[in-house]
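Participant: Before I ask anything, here is the structure I am working with.
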Amino acid sequence: SQKIEQNSEALNIQEGKTATLTCNYTNYSPAYLQWYRQDPGRGPVFLLLIRENEKEKRKERLKVTFDTTLKQSLFHITASQPADSATYLCALGPSYNTDKLIFGTGTRLQVFP
Amino acid sequence: SQTIHQWPATLVQPVGSPLSLECTVEGTSNPNLYWYRQAAGRGLQLLFYSVGIGQISSEVPQNLSASRPQDRQFILSSKKLLLSDSGFYLCAWSVKTSGANVLTFGAGSRLTVL
Numbered sequence: 182s183q184k185i186e187q188n189s190e191a192l193n194i195q196e197g198k199t200a201t202l203t204c205n206y207t208n209y210s211p212a213y214l215q216w217y218r219q220d221p222g223r224g225p226v227f228l229l230l231i232r233e234n235e236k237e238k239r240k241e242r243l244k245v246t247f248d249t250t251l252k253q254s255l256f257h258i259t260a261s262q263p264a265d266s267a268t269y270l271c272a273l274g275p276s277y278n279t280d281k282l283i284f285g286t287g288t289r290l291q292v293f294p
Numbered sequence: 719s720q721t722i723h724q725w726p727a728t729l730v731q732p733v734g735s736p737l738s739l740e741c742t743v744e745g746t747s748n749p750n751l752y753w754y755r756q757a758a759g760r761g762l763q764l765l766f767y768s769v770g771i772g773q774i775s776s777e778v779p780q781n782l783s784a785s786r787p788q789d790r791q792f793i794l795s796s797k798k799l800l801l802s803d804s805g806f807y808l809c810a811w812s813v814k815t816s817g818a819n820v821l822t823f824g825a826g827s828r829l830t831v832l
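Line by line, the protein sequences are chains Z and X.
For the first sequence, this note's numbering gives the first residue as 182, with consecutive numbering after it.
For the second sequence, this note's numbering gives the first residue as 719, with consecutive numbering after it.
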């Protein structure tokens, strides 16, 4: 069955540094990979989407890479700020045979001033 | 602009009692609608999705059911709640972005079954 792995341990970094979060997956060939941000007690909010034929996507201080050979995506936040503290979810899909998204468990990021 | 509303935001229910969570979307027509559950320390689990009125697909066998009586209304129900039904329930709708299925989530409903 499809499996998505994100670091379950929280990532703690200092303000101004670059945060890098990892998403690994198996038994799946998604056409897209998406990243969402979730604050405590709130619903996830869409951040970025990258297609299988794209290596990298940027949006302001965010950068996403997608390596379909390694079956891995990296999510970078440059010049991190305390306001970036949240849980970040990786989601796979749609694929060629389904519109459904499969979510990872998320990685909690804590940025300290 | 499109908005999504979920209610109630929080509820505490005894085991064996019924459940009804409601979700409505405004500002769009014929959206795909979804119900997810997020248990503590676990990822988002897709429970139901709907591509149109009266069209419901169930993803996992469970104690819950869903209905879509109107185009922009999605309801999650249970006749008798179990302890394992506790969790954070999220409604979402999707918009097609260059072929992708980007989800917009509601604020969620926190259910505690005692």
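Note that CB positions come from ideal geometry on N, CA and C, so glycine has one too.
Every value quoted in this text rests on a predicted model; they were computed, and no experiment measured them.
1. Return the Cβ separation of residue 215 of chain Z and residue 272 of chain Z in integer angstroms, given the expectation that the two are a contact with Cβ distance under 8 Å.
2. Measuring only the C-alpha atoms, how far is residue 200 of chain Z from residue 732 of chain X?
3. Sort X:789, X:759 and X:829 by Cα distance to residue 665 of chain X and report the nearest one.
4. Go ahead and pull the three-state DSSP assignment for residue 825 of chain X.
5. Under a Cβ-count criterion, where at least 16 other Cβ atoms within 10 Å of its own Cβ denotes burial, should residue 195 of chain Z be classed as buried or exposed?
6. So, at 7 Å on beta carbons, what are the nonlocal neighbours of residue 205 of chain Z in its own chain, with the 5 sequence-adjacent residues on each side left out?
7. How is residue 265 of chain Z classed by DSSP in three states: helix, strand or coil?
8. Are there three or more Cβ pairs, one per stretch, closer than 8 Å when the segment 745 to 763 of chain X is compared with the segment 773 to 791 of chain X?
9. Please specify which runs of the beta strand (DSSP E), each continuous and at least 3 residues long, are wholly inside the segment 720 to 797 of chain X, giving them in chain order.
10. State yes or no: is the beta carbon of residue 183 of chain Z nearer than 8 Å to at least one beta carbon in chain X?
11. Would you tell me roughly how many angstroms separate the C-alpha atoms of residue 803 of chain X and residue 832 of chain X, rounded to the nearest one?
12. In the DSSP output, what is residue 812 of chain X paired with across the bridge?
13. Going along chain X, which residues have a C-beta under 8 Å from residue 227 of chain Z?
14. Tell me the DSSP secondary structure of residue 803 of chain X in three-state form.
15. Quick check: is the beta carbon of residue 215 of chain Z nearer than 8 Å to any beta carbon in chain X?
16. Going by Cα to Cα distance, which pick from X:770, X:771, X:772 and X:742 is closest to residue 822 of chain X?
17. Near residue 286 of chain Z, which residues of its chain fall below 7 Å by C-beta distance, leaving aside the five closest residues on each side in sequence?
18. If you draw a straight line from the C-alpha of residue 769 of chain X to the C-alpha of residue 221 of chain Z, how long is it?
Facilitator: With the structure as the only source:
1. 4 Å
2. 42 Å
3. Beyond the ends of chain X as shown, which are 719 and 832, falls residue 665 of chain X; an answer cannot be given.
4. coil
5. exposed
6. 186, 252 and 253
7. helix
8. yes
9. 721 to 725, 728 to 731, 737 to 744, 750 to 756, 762 to 770, 773 to 776, 783 to 788 and 791 to 796
10. no
11. 10 Å
12. X:750 and X:821
13. 820, 821 and 822
14. helix
15. yes
16. X:742
17. 187 and 189
18. 29 Å
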